[in-house]
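Student: Counted from 1, the sequence shown has number 68 at position 68 by UniProt numbering; the numbering is strictly sequential.
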Amino acid sequence: MIWLQELCEAYWIEIIALWILLVMFIVLLRGIRKNYEVSIDWFKSSQEFLESNFSRYALIQKSFWLDSWSQFDIFATGRKNCPYMYMNVICRPRQDVLTGILFQPLLRNYDKVYIEIPIEKMGPIMLLVCNKSELKNTLIEYPEIEIHCLQKKVKNLPKNSLVYANSNACVEFLMSSNTFSKFICSQLSERLVNYIYISDQTTCPRLTNSYSKNTSVLKACVKIPSKNDIDILRNLNLDLNYLFKNLLSLCETLLTLELPEKTIQHINSNRLLVEKTFLKMNNCVNEKVEAKRREKIRSEAIKISRMSPKEQKKYQEKKEKQQARSRIKLKKVRA
Numbered sequence: 001m002i003w004l005q006e007l008c009e010a011y012w013i014e015i016i017a018l019w020i021l022l023v024m025f026i027v028l029l030r031g032i033r034k035n036y037e038v039s040i041d042w043f044k045s046s047q048e049f050l051e052s053n054f055s056r057y058a059l060i061q062k063s064f065w066l067d068s069w070s071q072f073d074i075f076a077t078g079r080k081n082c083p084y085m086y087m088n089v090i091c092r093p094r095q096d097v098l099t100g101i102l103f104q105p106l107l108r109n110y111d112k113v114y115i116e117i118p119i120e121k122m123g124p125i126m127l128l129v130c131n132k133s134e135l136k137n138t139l140i141e142y143p144e145i146e147i148h149c150l151q152k153k154v155k156n157l158p159k160n161s162l163v164y165a166n167s168n169a170c171v172e173f174l175m176s177s178n179t180f181s182k183f184i185c186s187q188l189s190e191r192l193v194n195y196i197y198i199s200d201q202t203t204c205p206r207l208t209n210s211y212s213k214n215t216s217v218l219k220a221c222v223k224i225p226s227k228n229d230i231d232i233l234r235n236l237n238l239d240l241n242y243l244f245k246n247l248l249s250l251c252e253t254l255l256t257l258e259l260p261e262k263t264i265q266h267i268n269s270n271r272l273l274v275e276k277t278f279l280k281m282n283n284c285v286n287e288k289v290e291a292k293r294r295e296k297i298r299s300e301a302i303k304i305s306r307m308s309p310k311e312q313k314k315y316q317e318k319k320e321k322q323q324a325r326s327r328i329k330l331k332k333v334r335a
């Protein structure tokens, strides 16, 4: 026992470090396993819907990225008028001791799914149905909403929901649909749906390599239901199939939506005005940068003119060395 006590006294820092590493390793393994279980449960809950509506679907694990321990993708394709349905399952970082356990009460991370469905043909529509608590984060993620849309007053909308749109016509059309209005007012939507965003002026950032151009798309952010949520929804005869069916039905409804000609002209004129405003702002910024550059050149020329020939030579050599260093740095960055 004496030798053990001496060993602890001599290597106490190493022993503490070993225990910390052991705890981190256990948390890592348990977190990875739990996140995988969460993603598989979500996949199983959506499997029936995917099988009946798409010809091909798969669960993809991003095995070459560090965030693969908390992110999983589900991709479905093979449906008429719907190129694909993409679901990005983002789990709480349970594998991380700091963000997943210690700082969890502050960060309030939760399991969620981003759903993305492109729409082949749609008019100039921008519409957001959002939970009040998620509005700030949603506007940060999609800043174009504040530029092109205004908040709309909608009757029979849940108290914790808000609607932003670029025209009254699209709001009236969608909210007059019994299917969509019932879905928005349902317990499932209130408990799980953070937002539903429809736009013809966005790229698909989660699949940017394949879809880099502006395209019409429906995006939604949904919380993964807890056991309590599942029990409540089960008592109301609701499940995730109800969510998926309504999102897909909404996409099909948008294909048939025809806005009045005056509304389309008004939206296009507003967008043109926004583009001109941004162009003016960019031109002003470029002019200021150019003015600063010219002022710098002028002050440098005055400074050189006041130097003696020897000082001018030294200054020129110093400047050439700086330019050579900057060229080397650029070559390294490009390599």
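Just so it is clear, CB atoms sit at the ideal spot from N, CA and C, and this is done for glycine as well.
Taking 8 Å as the limit between beta carbons, can you name the residues of its chain near Arg191, skipping five residues before and five after?
Tutor: Only Lys223, Pro225, Asp229, Ile232, Leu233 meet the Cβ criterion.
Student: Which one or two residues does DSSP pair with Glu14 in a beta bridge?
Tutor: Paired residues: none, contrary to the question.
Student: Please name the residue, chosen from Ile184, Gln312, Glu261, Arg30, that lies closest to Lys155 on a Cα-to-Cα basis.
Tutor: Cα-wise, what sits closest to Lys155 is Ile184.
Student: Per DSSP, what are the beta-bridge partners of Met87 in this structure?
Tutor: For Met87, which the question treats as bridged, DSSP gives the partners Ile74, Ile115.
Student: Closer than 7 Å by C-beta to Phe173: which residues in its own chain qualify, once you throw out the five before and the five after it? Chain order, please.
Tutor: Taken in chain order, the residues that qualify are Leu257.
Student: Just to confirm, is the Cβ distance from Val27 to Gly100 under 9 Å?
Tutor: Yes, the Cβ-Cβ distance between Val27 and Gly100 is below 9 Å.
Student: Look at Leu98 and Tyr195 and say whether their C-beta atoms are less than 9 Å apart.
Tutor: No, these two residues do not count as a Cβ contact at 9 Å.
Student: Alpha carbon to alpha carbon, how far is Lys153 from Glu252? Give it in angstroms, no decimals.
Tutor: When rounded, the distance between both Cα atoms is 25 Å.
Student: Using 10 angstroms around the beta-carbon of Thr138, count the other beta-carbons present and answer buried if the total reaches 16, otherwise exposed.
Tutor: Counting Cβ neighbours within 10 Å, Thr138 comes out buried, since at least 16 surround it.
Student: Here's the rule I'm using: 16 or more other beta-carbon atoms within 10 Å means buried, otherwise exposed. How should Ala324 be labelled?
Tutor: Flag for Ala324 reads exposed.
Student: Spatial neighbours of Ser55 within its chain, please: C-beta separation below 8 Å, excluding the five flanking residues on both sides.
Tutor: The answer, listed in chain order, is Thr77, Gly78, Arg79.
Student: Suppose you measure from the CA of Asn286 to the CA of Ile302; what does that come to, to the nearest Å?
Tutor: Rounded to whole angstroms, Asn286 to Ile302 spans 25 Å at the Cα level.
Student: Going straight from the alpha carbon of Tyr86 to that of Leu273, what length do you get?
Tutor: Those two C-alpha atoms are separated by around 34 Å.
Student: Give the single residue among His148, Tyr197, Arg271, Lys227 whose Cα lies nearest to the Cα of Ile115.
Tutor: Of the candidates His148, Tyr197, Arg271, Lys227, the one whose C-alpha sits nearest the C-alpha of Ile115 is Tyr197.
Student: With a threshold of 16 other CB atoms inside 10 Å of the CB of Leu255, please say whether the residue is buried or exposed.
Tutor: Burial call: exposed.
Student: When we look at the beta-carbon of residue 395 and count the other beta-carbons within 10 Å, is it buried (16 or more) or exposed?
Tutor: Outside the displayed span of the chain (1 to 335) sits residue 395, for which this structure offers no information.
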